[in-house]
Amino acid sequence: MNNNIDTIDLEDELFEHFRFEVPKGQTPLRIDKYLMSLIQNATRNKIQTAATEGNIFVNDATVKSNYKVKANDVVRVMLSHPPFENRVDPEDIPLDIVYEDATLLLINKPPGLVVHPGHGNYTGTLVNALAFHFENLPMNSSERPGLVHRIDKDTSGLLVIAKTEAAMTHLAKQFEAKTSEREYVALVWGNVAEEKGTIEGNLARHLKDRMQMAVFADPEIGKPAVTHYKVLERFGYVTLISCQLETGRTHQIRAHLKHIGHPLFNDERYGGHLILKGTTFTKYKQFIDNCFKALPRQALHAKTLGFVHPTTKEMMRFDTELPQDFQDCIEKWRGYSKSHGTDQEEE
5 MNNNIDTIDL EDELFEHFRF EVPKGQTPLR IDKYLMSLIQ NATRNKIQTA ATEGNIFVND
65 ATVKSNYKVK ANDVVRVMLS HPPFENRVDP EDIPLDIVYE DATLLLINKP PGLVVHPGHG
125 NYTGTLVNAL AFHFENLPMN SSERPGLVHR IDKDTSGLLV IAKTEAAMTH LAKQFEAKTS
185 EREYVALVWG NVAEEKGTIE GNLARHLKDR MQMAVFADPE IGKPAVTHYK VLERFGYVTL
245 ISCQLETGRT HQIRAHLKHI GHPLFNDERY GGHLILKGTT FTKYKQFIDN CFKALPRQAL
305 HAKTLGFVHP TTKEMMRFDT ELPQDFQDCI EKWRGYSKSH GTDQEEE
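The sequence shown: position 40 = 44 (the numbering used here), numbered continuously.
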């Protein structure tokens with residue numbers, strides 16, 4: 005039997021990868037029981053969760069937890085790492101605090117800042133900064149002080165941080181009940197046809213590229229996700245839109261927009277770092293290269309965040325300006341569309 009273990013570093017969620025070749029003498033056995041016998045400290049619940057999220061494969065096809073393995077099957081499974089247990093060292097990292105009171109604070113996270121420590125990112129994170137600037141922040145279920153939600157490393161924008169246990173519980177319930185307001189601004193490839201729309205589809209790990217999330221039609225794979233979008237400005241080959249989250253899944257906006265054929269501009273993980281629309285002229289390629297240099301990350305900003313204050317019960321709504329790199333990129337596209345028109349034929 006050939007058993008391989010591989011770990012992949014992700015900025016948001018980290019997994020262990022296992023591969024097993026079922027020996028010839030194996031009698032049919034439920035895959036959850038089979039994996040429990042092979043993987044140390046793997047609980048049945050953990051394996052069933054992996055199956056539900058589309059993270060168990062037999063002969064390159066996803067299977068459910070009741071699948072029975074047979075001789076010569078090739079089994080691959082991806083299990084989440086246990087919570088990060090290392091001590092968080094305080095680090096004097098500047099924070100852009102938008103609002104603060106006794107129970108919570110709002111931070112405008114810059115692009116490039118990882119939210120929490122994990123495999124491959126042990127220092128230099130937002131959590132390290134919080135440990136320096138604030139004492140005794142409450143821990144969430146993953147032992148991450150103060151965090152109610154998160155945004156990707158190269159996404160900029162608003163995050164709410166709880167300063168008390170009561171605030172943590174109150175805010176977490178709002179995010180879970182989908183009563184919080186979360187609006188993002190995104191620059192996407194292509195001329196989005198509709199002025200507004202809704203993207204629905206379960207999200208789970210991509211079958212081939214496990215660093216991506218993908219939309220699945222099977223309701224038993226992944227988690228339901230809903231994204232509403234509205235066009236803000238058109239530049240011909242790209243479109244500026246706002247996205248409102250009804251759910252908050254890993255890479256939700258990035259995966260949903262790729263699914264409808266409009267990946268984020270310069271989103272390397274989802275193919276947006278390629279020239280997907282436009283001409284083949286050298287000057288156009290140079291223009292796109294200049295845009296990529298101005299905005300060296302995915303074009304996504306968490307612009308608006310609204311929630312009910314845990315103590316006062318007042319509805320609070322915060323809004324931020326687009327960071328300078330995002331503004332610079334948009335200005336380049338405005339200039340291009342004015343000189344070339346916004347109704348260019350897509351090639």
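Every residue gets a Cβ at the ideal spot worked out from N, C-alpha and C, and that includes glycine.
| Query | Result |
| --- | --- |
| To test your reading of the DSSP string, which unbroken alpha helix (DSSP H) runs of 4 or more residues are found completely within the stretch 277-345? | 286-298 and 328-344 |
| On the CB-based measure, 16 or more other CB atoms within 10 Å of its CB, does M319 come out buried or exposed? | exposed |
| Helix, strand or coil: which one does DSSP assign to E104? | strand |
| Answer with buried or exposed for D64, where buried requires no fewer than 16 other C-beta atoms within 10 angstroms of its C-beta. | exposed |
| Using three-state DSSP, classify I35 as helix, strand or coil. | helix |
| Go through the stretch 165-226 residue by residue and report every complete run of the alpha helix (DSSP H) that reaches 4 residues or more, in order. | 169-180 |
| Are the stretch 94-108 and the stretch 52-68 touching, with three or more C-beta to C-beta distances below 8 Å? | no |
| Examine the Cβ distances between the stretch 225-236 and the stretch 196-204 and report whether three or more of them are shorter than 8 Å. | yes |
| Within the continuous alpha helix (DSSP H) that includes L130, where are the two ends? | L130 to H137 |
| Name the residue from N195, N112, L163 and T107 whose alpha carbon lies nearest to the alpha carbon of A171. | T107 |
| How big is the Cα-Cα spacing for R238 and N112? | 26 Å |
| According to DSSP, Y241 sits in a beta bridge with which residue or residues? | For Y241, which the question treats as bridged, DSSP gives no partner whatsoever. |
| Does the stretch 123-140 come close enough to the stretch 174-191 to have 3 or more Cβ pairs within less than 8 Å? | no |
| In terms of alpha-carbon separation, which member of T173, V242 and Y274 lies closest to H255? | Y274 |
| Considering I60, what are the terminal residues of the beta strand (DSSP E) in which it resides? | I60 to V62 |
| Would you mind giving the Cβ-Cβ distance between L191 and T324, rounded to the nearest angstrom? I have them listed as a contact below 8 Å. | With 8 Å as the limit, L191 and T324 do not qualify as a contact, their Cβ atoms being about 16 Å apart. |
| Would you call A221 buried or exposed, if buried means 16 or more other Cβ atoms sit within 10 Å of its Cβ? | exposed |
| Pull up the distance between the alpha-carbon of K37 and that of R48, whole angstroms please. | 7 Å |
| By the 10 Å Cβ neighbour count, where 16 or more other Cβ atoms means buried, how is R321 classified, buried or exposed? | exposed |
| In the DSSP assignment, find the alpha helix (DSSP H) that holds I257 and state where it starts and stops. | Q256 to H263 |
| Considering just the uninterrupted stretch of the alpha helix (DSSP H) at T53, what are its terminal residues? | R48 to T56 |
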